[in-house]
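J.:
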Amino acid sequence: MYLNKHFSEVAESYLFSDIAHKVAAYQAAHPEADVIRLGIGDVTLPLAKPVIAALHKAVDEMGDKATFRGYGPEQGYDFLRQAIQKYYAGRGIDLQLEEIFISDGAKSDLGNLLDLFAVNNTILVPDPVYPVYVDDNVMAGRTVKYMSATAENNFLPMPEDAVDADIVYLCSPNNPTGAAYTTAQLEQWVKWAKEHNAVILYDAAYECFVSEPGCARSIYEVAGAKEVAVEVCSFSKIAGFTGTRCGYTIVPTAIEQDGMSLNKMWLRRQTTKFNGVPYIVQRGAEAVFTEEGMKEIQHNLDYYRNNAAVIAAALDEAGVWYCGGKNSPYVWMRCPAGMKSWDFFDWLLENAHVVGTPGSGFGPCGEGYFRLTAFGDADKTKEAAERLKKAIASLQ
Ligand code: PLP
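Mapping of the sequence shown onto my numbering: residues 999 to 1394, in sequence order.
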């Protein structure tokens, strides 16, 4: 046998295990310390009641010969695809049903989509970056180029004519920085992709957090984007499906190259390598888009938004630069007193008993920055924000 040698080129990821070890060691040495974790990107609120009711109903259907379902369509049931079509139509975006594919989550599709592209494509990703984009491509032996996201560009890198790449990943609102592109900024990306015969893989996993006018929730808000962009989205953050697993990907019929249609290729890939998301889960996901589902989900999103606002207000009072928090559950702060990311991690754990994620773990441009998340308990977030503010004030 011959192994895929590119696996040895994938950087080991110690970020979250290093954090866990450091926190465990600190807790062992200081059992009395009430440590608050604002580090993880997982949701904490339970599934909405209309989702639970739909899941229960679907379970009962599976136990009855008359309503039992076996294999479903690989690309997803029409009831869910239609609900997604309507969700986009509500924002003025016209999708054909055949452009919508249901998946078991954004992470799988972000990797699986690469089956459609040759190894010699050059990849462009922002730095700092959600590490999955890089690792998926390194595993396949592709060359990855980085574009710097910095405070100067508000952590929203823009296209440069001189930079040549074939596949560009855009994540907006961004993990880890929380920064969100405006539709006008995405227009420039679509223009660049057309001029460079490139495709944009647009990760919209956090679109539900966009609240400011002008910020895009979908790349298809840009005219002509359907010719160059695939959009990957998820029920994880909008509806707490991180453990339930459901997502969707839009592969427009307009993307063609050398007489081949990306949409048809993806359909072929999915029908060959995937047997669909469980019927029960798809019924749960459908309930997200009902009136009652949306109402409860908006309430949950407001809970997280409020947490983000509490963290942002503490940083405002402490006079610390940050981005995100407004259209995103992530607040990306500059470490005070010029501290490096891991130094600030240690210092914050020691002085405030608060845990966050060192920005340097997401790429070299993340050095000196720190990610805080709004997915925690409201009271604990308030307490953590207060401690953060006091600790930073003690530095001055
Ligand atoms: N994309 C981004 C930017 C994420 O941060 C995450 C998860 O945290 C995902 C995709 C994965 O989403 P899913 O749970 O649908 O696989």
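Cβ coordinates follow ideal geometry from the N, Cα and C atoms, glycine included.
Because the structure is a prediction, the values reported are computed rather than measured.
Just to be sure I understand the criterion: a residue counts if its Cβ is closer than 6 Å to at least one heavy atom of ligand 1. Which residues meet that?
T.: G1039, G1103, A1104, K1105, Y1128, C1169, N1173, D1201, A1203, S1232, S1234, T1240, G1245
J.: With contact counted as at least three CB pairs below 8 Å, one residue from each stretch, are the stretch 1275-1292 and the stretch 1105-1125 in contact?
T.: Result no; under three Cβ-Cβ pairs closer than 8 Å.
J.: Can you give me the Cβ contacts of F1153 inside the same chain, cut-off strictly under 6 Å, excluding the 5 residues immediately before and after it?
T.: A1147, T1175, A1177, C1321
J.: Over what stretch of residues does the beta strand (DSSP E) that includes K1143 continue unbroken?
T.: First-last of the beta strand (DSSP E) with K1143: 1141-1146.
J.: Tell me which residues share the same chain as E1219 and place their Cβ nearer than 6 Å to its Cβ, disregarding the 5 neighbours each side in the sequence.
T.: Hits under 6 Å: T1181.
J.: Rounded C-beta distance between G1274 and G1074? I'm assuming under 8 Å.
T.: 7 Å
J.: Which residue from P1071, I1295, E1284 puts its Cα closest to that of K1271?
T.: P1071
J.: Give the list of continuous alpha helix (DSSP H) stretches no shorter than 4 residues that lie fully inside the stretch 1098-1181.
T.: 1104-1110, 1129-1138
J.: My understanding is that G1354 touches F1373, with C-beta atoms under 8 Å, so please give their C-beta distance in whole angstroms.
T.: Not confirmed; about 12 Å, so no contact.
J.: On the three-state DSSP scale, how would you describe T1288?
T.: Here T1288 sits in coil by DSSP.
J.: I'd like the list of long-range same chain contacts for T1240, defined as Cβ closer than 6 Å, with 5 residues on each side in sequence excluded.
T.: These residues qualify, in order along the chain: D1040, V1041, S1234.
J.: In this structure, how does DSSP classify M1258 when only helix, strand and coil are distinguished?
T.: strand
J.: Output the distance between the C-alpha atoms of M1292 and I1253, rounded to the nearest integer angstrom.
T.: 32 Å
J.: By DSSP, does V1033 sit in helix, in strand, or in coil?
T.: coil
J.: Report the partner residues of W1330 according to the DSSP bridge assignment.
T.: C1321, R1369
J.: The beta strand (DSSP E) that contains I1198, what's its start and end?
T.: That run of the beta strand (DSSP E) goes 1197-1201.
J.: Here's the rule: buried if 16 or more other CB atoms are within 10 angstroms of the residue's CB, otherwise exposed. What is D1201?
T.: Counting of Cβ neighbours within 10 angstroms places D1201 among the buried residues, the total reaching 16 or more.
J.: Is the stretch 1162-1174 close to the stretch 1308-1327, with three or more CB pairs under 8 Å?
T.: Taking a contact to require three or more Cβ pairs closer than 8 Å, the stretch 1162-1174 and the stretch 1308-1327 qualify as touching.
J.: Looking at the structure shown, is I1082 part of a helix, part of a strand, or coil, going by DSSP?
T.: helix
J.: Under the rule that 16 or more other beta-carbon atoms within 10 Å means buried, what is E1210, buried or exposed?
T.: exposed
J.: What span of residues does the alpha helix (DSSP H) with T1242 cover, start to end?
T.: Counting along the chain, T1242 falls outside any alpha helix (DSSP H), and DSSP gives it neither H nor E.
J.: For V1117, count neighbouring Cβ atoms within 10 angstroms of its own Cβ and tell me buried if that reaches 16, exposed if not.
T.: exposed
J.: Using the Cα positions of C1333 and A1009, report the straight-line distance between them to the nearest angstrom.
T.: In a straight line, the C-alpha of C1333 is about 25 Å away from that of A1009.
J.: Please name the residue or residues paired with I1248 in a DSSP beta bridge.
T.: Per DSSP, I1098, E1229.
J.: Out of curiosity, what's the CA-to-CA distance linking E986 and T1251?
T.: Outside the displayed range of the chain (999 to 1394) lies residue 986, so it cannot be described from this structure.
J.: Among residues of its own chain, excluding the 5 on either side of V1318, which ones have a beta-carbon nearer than 8 Å to its beta-carbon?
T.: M1331, R1332, P1334, I1390
J.: D1164: which of A1382, I1121, Y1204 sits nearest, CA to CA?
T.: I1121
J.: Could you check if P1157 is buried or exposed, using at least 16 other CB atoms within 10 Å of its CB as the buried criterion?
T.: With 16 or more other CB atoms across the displayed protein chains lying within 10 angstroms of its CB, P1157 is buried.
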